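Peer 1: Top line first, the protein sequences correspond to chains A and B. For the first sequence, position 133 (counting from the first letter as 1) is numbered 1049 according to the numbering used here, and the numbering increases by one without interruption. For the second sequence, position 272 (counting from the first letter as 1) is numbered 274 according to the numbering used here, and the numbering increases by one without interruption.
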Amino acid sequence: MTAVLSHKGAAVRMPRSMVLGLGSVLVVVSLLVSSARGAYAISLSDLWDMLNSLLAWDAQRSSAELVFLHIRLPRLVLGLVAGAGLGLAGALMQGMFRNPLADPGLIGVSAGAALAAAMAIVLGAAWFPSLSNTLGSWMLVCSAFAGGLLVTIVIYGLAQSEGETRVGMMLLAGIAMNALGGAGLGYLTFLATDEQLRSLQFWLLGSLGGARWSAVALIAAIVAACIAAGLRLARPLNAMALGEAQATLLGVDVERVKRQAVVITALSVGAVTASTGMIGFIGLVAPHCVRLIAGPDQRVVLAGSAMLGAALVLLADSVARTIVQPAELPLGVLTAFVGVPVFLLLLRTFKGRV
Amino acid sequence: MSYPLSTMQRRTVLRQAVAIGGVLSASAALPSLALAQSNPASASRSAKNGLPRIVSVNGAITEVIYALGAQAQLVGTDTTSLYPEAALATPKVGYMRQLSAEGLLSLKPDVLLATSDAGPPAVLDQVRSAGVKVEMMESDHTWGEVQRLVTVVGNAAAQQARAKALLADLNAQWAATQKLVAAARGPKRRVLFILAHSGTPQVSGSKTGADALIRFAGGVNAIDGFAGYRPMTAEAMAVAAPDLILTTTQGITAAGGIDKFWARPELELTPAYRNRVLVHMDALELLGFGPRLPATVATLHRRLLTA
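This is the structure we're talking about:
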C-alpha cells in the first residue's frame, strides 16, 4: 500500500520523460545484447553485415543469417512481448488493487492458464484425439489462453455485487482459484505418464525456445493492443490511488476502469503464458522497480513496467540460452535469478521510500 | 543434399509469390524461400570424409553409433547418452525433452537422431526448417525396435555396410539368448521392477521397458493391473506377491545401499522380502534398448535363475 500511496520524496524522483527515455535505452541495449548472444556464434558486426544483405532481397543467405532470422529473432521478439505484457499486467493489477503485492498470479490467471495447459498435455490426446491432431501444438496455446480467460470471467463474476466490483472479494476468489489450480495440477501430475510429466514440468518452468514467427506475430498483436489500452488507464488509475470515492468524485468511472484492467490483464497474461509457459516474478518485480525509481505516477509506472519487464526477460533469456550451451536452462529459473537481485538492490538503495 | 520434388515446386511458387506479392506475402514467404536457397547443412559437412555430422538425442542411439564405429561423426549427444564412457566427453545438448534449437544448430549437424519422445516439437520443427534432417524413431519395447534403430542409424550415418554386419551379429546374439531362455525349466518367477532413483518408488506396469525385459528374460511381471510407472502402496505390493525385486544400481545407490533399500516399509509383505531376493543392474544397461539388449537379457535371465 505504502509504495503506491507514499508521496514522500517525490521531489528527488526522476522526471517522467527521463524515466521513459532511460527505459527505452534499456530495452534497446538488451535487444542488442541478446541479439549478439547465443549458442550459434553471431557477433554484432555479423548483424550489421546481415542487415545490409537483408536489404538485398534475393541474396544467398548464410547459415548464420538463417539461424538469426528463423530462430533467434522470433525468440527476441517473443521475449520482448512477453516481458512487456507481464510487466504491464503486474502494474495494472497493483494499480487497480492499490496493493503492491498484487500480481496476475494472485487473481489466478496464471494458475488457470497453467491448469488448462496441463490438461492439454496430459488429457488432450486421449480425450480429444482428432482435435489435438488438427491443432497440434496450438492445442496447448489455445487451452492455456482459454484457461486464463475462464478464470478471469469466473473471478470477475464472483466479485460483482450490487453493480460494484469488490476488490477484496476478487483477491480471495483469486487465492481460491490458485488453490484449485494447484490441486488440479497435482492430480494431473499423478495421472501423467513419464513423458507427459517431463513436458509438464518444463512447461511450468517457462521457455522462449518454441518461438515461431506465426505464433509470435499473433501474441505480439495481442500484447501490443493490451499495452495501448492499458496505458490509457494511467490517469483514471492515478485518480483511484486517492480512493475509489475520490476518483468517482473526480469523474472517473471506477467500475469501467476495473473491468478494463482485468480484461487487459487476462488477455496479455493469457497470451504470454500460452506461448511461453510460466514466467514468474516479472509482473511483481518490474512495477516495484519503476515505482521505487520514479514514484507512483501510473503514466510512468505502466509504460516503465512494460519496458523493464521486456528488458528483464530478454536479459534472463540471453543467460538461459548461453550459460549451458548447447543445452538451455529453463527461463523461469533465470527470471527469478535476474529479477530478485535487481529488486533487492533497489529495495536497499531506496529503502526510505518503501 | 537433394530436395524432394515437392520442395522444389514449393520453392518456385514461393519465389513467384515474393516477386509478385507485396510486403505481406513477402514477410510470410521469405523465411521458407531463404531456407530453400541456401542449405546450411550442405555447407557444414565434415570436410575430412564427407560423412554426415550427427547429433544423437538418445542413449541407445548413441550406443548404436559407437557400435558402428561411427563416433567420429558424432558432434553432440543428450544427457541420457551415458554409455560408452567416451560419449560423456561429447558436447551435451541437454535433456532429450528440453532441446534448444540454437544450441543444436551451433554444432552444425546434418542429421538429428532421436526417439519419438524427444522434444519440444516446436524446437524440432525449427531444426528441421534450418535444413537439418530429423530422424524420429518409435519405441515399442520389442527386438524389432533395436533392429530398426541399427538400420535407421546406419542409413543416417551413411554406414550401411557396417550396420548390416552389426545387425547380423546382434540377430545371432538375440537368437542364442532366446534359445537360452526357452530352454529354462520350472515355474516362471514373479518379478517386480522398482524405479526408485529419488522420491517415491515407482513400479512398472505393462507397456514399460521393464515389463518387456522381464518377459524377454523368462519372468512374469508381478504387476498387471495398469500401464506405465505408478507409485504403489504396501498392500498392493503384498497382493502382487513378487518372488524377486528388480531395480537399478542407481536406485540402490540413491537409497544408500542394499540394506537401506530393503528397509522400505512397502516391501515388507512380499515373498521377495522374506527371502531377500534382489537383482540390480545399471539403469541404462537394463532399460536402454540398444545394442546391449541381447547381453542384458542373457544376464538378467541368469540372475533370475540364480538369485
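All C-beta atoms in this analysis are idealised placements derived from N, C-alpha and C, irrespective of residue type, glycine included. All of these numbers come straight from a predicted model, not from anything done at the bench.
Please identify, using Cβ separations under 9 angstroms, the residues of the region 926-956 of chain A that lie next to chain B, in order along the chain.
Peer 2: So the list reads 954, 955, 956, given in the order they occur along the chain.
Peer 1: Residue 149 (chain B) and residue 156 (chain B) - do their beta-carbons sit closer together than 8 angstroms?
Peer 2: Here residue 156 (chain B) refers to the residue found at position 154 when the second sequence is read from its first residue. Here residue 149 (chain B) refers to the residue found at position 147 when the second sequence is read from its first residue. Taking 8 angstroms as the Cβ cut-off, residue 156 (chain B) and residue 149 (chain B) do not qualify as a contacting pair.
Peer 1: Taking only beta-carbon atoms, is residue 983 (chain A) less than 8 angstroms away from chain B?
Peer 2: For this step, residue 983 (chain A) is matched to residue 67 along the first sequence. Closer than 8 angstroms: yes.
Peer 1: Would you grab the beta carbon distance between residue 138 (chain B) and residue 116 (chain B) for me? Rounded to a whole angstrom, and I think it's under 8 angstroms.
Peer 2: Position 136 of the second sequence holds residue 138 (chain B). Position 114 of the second sequence holds residue 116 (chain B). Indeed, because the Cβ distance is near 6 angstroms, the residues count as touching under 8 angstroms.
Peer 1: What residues from chain B crowd round residue 1109 (chain A), counting only those whose CB sits closer than 9 angstroms?
Peer 2: Reading the first sequence from its first residue, position 193 is the one you call residue 1109 (chain A). Within 9 angstroms Cβ-Cβ: 229, 230, 231.
Peer 1: At a Cβ threshold of 8 angstroms, is residue 1115 (chain A) touching chain B?
Peer 2: Position 199 of the first sequence holds residue 1115 (chain A). Chain B contact via Cβ: present.
Peer 1: How about residue 994 (chain A) and residue 1135 (chain A): are their beta carbons less than 8 angstroms apart?
Peer 2: Sequence index remark: in the first sequence, residue 994 (chain A) carries index 78 (1-based). Sequence index remark: in the first sequence, residue 1135 (chain A) carries index 219 (1-based). Going by C-beta atoms, residue 994 (chain A) is nearer than 8 angstroms to residue 1135 (chain A).
Peer 1: Would you kindly work out how many angstroms separate the C-alpha atoms of residue 188 (chain B) and residue 221 (chain B), rounded to a whole number?
Peer 2: The count along the second sequence starts at 1 and reaches residue 188 (chain B) at position 186. The count along the second sequence starts at 1 and reaches residue 221 (chain B) at position 219. Straight-line Cα distance between these residues: approximately 11 angstroms.
Peer 1: Looking at C-alpha atoms only, which residue of B:110, B:283, B:70 is the closest neighbour of residue 955 (chain A)?
Peer 2: Counting from 1 along the first sequence, the entry for residue 955 (chain A) is found at position 39. Selected option, being the one with the closest Cα: B:110.
Peer 1: Roughly how many angstroms separate the alpha carbons of residue 1110 (chain A) and residue 229 (chain B), rounded to a whole number?
Peer 2: Looking up residue 1110 (chain A) in the first sequence gives position 194. Looking up residue 229 (chain B) in the second sequence gives position 227. One C-alpha to the other measures close to 11 angstroms.
Peer 1: Can you give me, in chain order, the residues of the region 1230-1246 of chain A that have a beta carbon less than 8 angstroms from any beta carbon in chain B?
Peer 2: The residues in question are 1237, 1240, 1241, 1242, 1243, 1244, 1246.
Peer 1: Determine the DSSP secondary structure at residue 233 (chain B), reduced to helix, strand or coil.
Peer 2: Along the second sequence, one-based indexing puts residue 233 (chain B) at 231. Of the three classes helix, strand and coil, the one that applies to residue 233 (chain B) here is strand, per DSSP.
Peer 1: Do we get a CB-CB distance below 8 angstroms when we pair residue 94 (chain B) with the residues of chain A?
Peer 2: Here residue 94 (chain B) refers to the residue found at position 92 when the second sequence is read from its first residue. Chain A contact via Cβ: present.
Peer 1: Sorted by chain position, which residues of the same chain lie with C-beta nearer than 6 angstroms to residue 237 (chain B)'s C-beta, five sequence neighbours on each side aside?
Peer 2: To locate residue 237 (chain B), count along the second sequence from 1; it is residue 235. If we look at residue 237 (chain B) and ignore the five residues flanking it on each side, it has no Cβ neighbours.
Peer 1: Is the CB of residue 1126 (chain A) under 8 angstroms away from at least one CB in chain B?
Peer 2: Within the first sequence, residue 1126 (chain A) is the residue found at index 210, counting from 1. True, the Cβ-Cβ gap to chain B drops below 8 angstroms.
Peer 1: Tell me whether residue 272 (chain B) sits in a helix, a strand or coil according to DSSP, three-state version.
Peer 2: If you number the second sequence from 1, residue 272 (chain B) lands on position 270. DSSP places residue 272 (chain B) in coil when its eight states are reduced to three.
Peer 1: According to DSSP, is residue 190 (chain B) helix, strand or coil?
Peer 2: Here the question's residue 190 (chain B) lines up with position 188 in the second sequence. Three-state result, residue 190 (chain B): coil.
Peer 1: Between the region 1138-1156 of chain A and the region 1020-1038 of chain A, do at least 3 Cβ pairs fall closer than 8 angstroms?
Peer 2: Not touching, per the Cβ criterion.
Peer 1: Is it right to say residue 181 (chain B) is buried, meaning 16 or more other beta carbons lie within 10 angstroms of its own, or is it exposed?
Peer 2: Working through the second sequence from its first residue, we reach residue 181 (chain B) at position 179. With fewer than 16 Cβ atoms within 10 Å of its Cβ, residue 181 (chain B) is classed as exposed.
Peer 1: Take residue 97 (chain B) as the anchor and find which of B:120, B:239, B:91 has the nearest alpha-carbon.
Peer 2: Residue 97 (chain B) sits at position 95 when you count from the first residue of the second sequence. The residue with the shortest Cα to Cα distance from residue 97 (chain B) is B:120.
Peer 1: Against chain A, which members of the region 97-123 of chain B pass a CB distance test of less than 7 angstroms?
Peer 2: Answer in chain order: 99, 100, 102, 103, 104, 105, 106, 107, 108, 109, 119, 121, 122, 123.
Peer 1: Helix, strand or coil for residue 1245 (chain A)? Go by DSSP, reduced to three states.
Peer 2: Mapped onto the first sequence, residue 1245 (chain A) falls at position 329. Coil, per DSSP.
Peer 1: Take the Cβ of residue 953 (chain A) as the centre, count every other Cβ of all protein chains shown within 10 Å, and call the residue buried at 16 or more, exposed below.
Peer 2: Along the first sequence, one-based indexing puts residue 953 (chain A) at 37. Buried, because 16 or more other Cβ atoms sit within 10 Å of the Cβ of residue 953 (chain A).
Peer 1: Give the C-beta separation of residue 246 (chain B) and residue 193 (chain B) to the nearest angstrom, bearing in mind that I take them to be a contact with Cβ-Cβ under 8 angstroms.
Peer 2: As a first step, residue 246 (chain B) must be located in the second sequence, where it is residue number 244. As a first step, residue 193 (chain B) must be located in the second sequence, where it is residue number 191. With 8 angstroms as the limit, residue 246 (chain B) and residue 193 (chain B) qualify as a contact, their Cβ atoms being about 5 angstroms apart.
Peer 1: So residue 78 (chain B) is in the beta strand (DSSP E); what residue range does that whole segment cover?
Peer 2: Start at 1 with the first residue of the second sequence, and residue 78 (chain B) comes out as number 76. Here the beta strand (DSSP E) through residue 78 (chain B) covers 76-79.
Peer 1: Drop a sphere of 10 angstroms on the beta-carbon of residue 312 (chain B), count the other beta-carbons inside from all chains shown, and report buried for 16 or more, exposed for fewer.
Peer 2: What the structure shows of chain B is the stretch from 3 to 309, and residue 312 (chain B) is not part of that stretch, so it cannot be assessed.
Peer 1: Report the residue from B:226, B:232, B:177 whose alpha carbon sits nearest the alpha carbon of residue 202 (chain B).
Peer 2: Numbered from its first residue, the second sequence carries residue 202 (chain B) at position 200. Out of B:226, B:232, B:177, B:232 has the C-alpha closest to the C-alpha of residue 202 (chain B).
Peer 1: Assign residue 108 (chain B) to one of two classes, buried (16 or more other C-beta atoms within 10 Å of its C-beta) or exposed (fewer than that).
Peer 2: Start at 1 with the first residue of the second sequence, and residue 108 (chain B) comes out as number 106. So residue 108 (chain B) counts as buried.
Peer 1: Is it true that the region 61-70 of chain B meets the region 284-295 of chain B, where meeting means three or more beta-carbon pairs spaced less than 8 angstroms apart?
Peer 2: Yes: at least three Cβ pairs fall under 8 angstroms.
Peer 1: Go through its chain and collect everything with a Cβ distance to residue 280 (chain B)'s Cβ below 6 angstroms, but skip five positions before and after it.
Peer 2: Taking the first residue of the second sequence as position 1, residue 280 (chain B) is located at position 278. These residues qualify, in order along the chain: 247.
Peer 1: What's the call for residue 1146 (chain A), buried or exposed, on a 16-neighbour Cβ count within 10 Å?
Peer 2: Taking the first residue of the first sequence as 1, we reach residue 1146 (chain A) at position 230. Residue 1146 (chain A) comes out buried.
Peer 1: Would you mind telling me which residues of chain B sit closer than 8 angstroms to residue 1118 (chain A), beta carbon to beta carbon, in chain order?
Peer 2: If you number the first sequence from 1, residue 1118 (chain A) lands on position 202. Residues of chain B passing the Cβ test: 99, 100, 122.
Peer 1: List, in order along the chain, the chain A residues whose C-beta lies closer than 8 angstroms to that of residue 132 (chain B)?
Peer 2: Position 130 of the second sequence, counted from the first residue, corresponds to residue 132 (chain B). Under the 8 angstroms cutoff, chain A gives 979, 982, 983, 986, 987.
Peer 1: Quick check: the Cα distance between residue 32 (chain B) and residue 1235 (chain A), rounded to an integer number of angstroms?
Peer 2: As a working note, residue 32 (chain B) is residue 30 in the second sequence. As a working note, residue 1235 (chain A) is residue 319 in the first sequence. Low local confidence applies: a pLDDT of 39 at residue 32 (chain B) is under 50, so the model's placement there is unreliable, with the coordinate-based value given in what follows. Cα-Cα distance, rounded: 29 angstroms.
Peer 1: I think residue 103 (chain B) touches residue 987 (chain A), with their Cβ atoms under 8 angstroms apart; what is that distance to the nearest whole Å?
Peer 2: Residue mapping note: residue 103 (chain B) aligns to position 101 of the second sequence, counting from 1. Residue mapping note: residue 987 (chain A) aligns to position 71 of the first sequence, counting from 1. So it is a contact: roughly 5 angstroms between Cβ atoms.
Peer 1: For the structure I just gave you, are there three or more beta carbon pairs, one from the region 1116-1123 of chain A and one from the region 1187-1207 of chain A, closer than 8 angstroms?
Peer 2: With a cut-off of 8 angstroms, the region 1187-1207 of chain A and the region 1116-1123 of chain A count as touching, because enough Cβ pairs lie within range.
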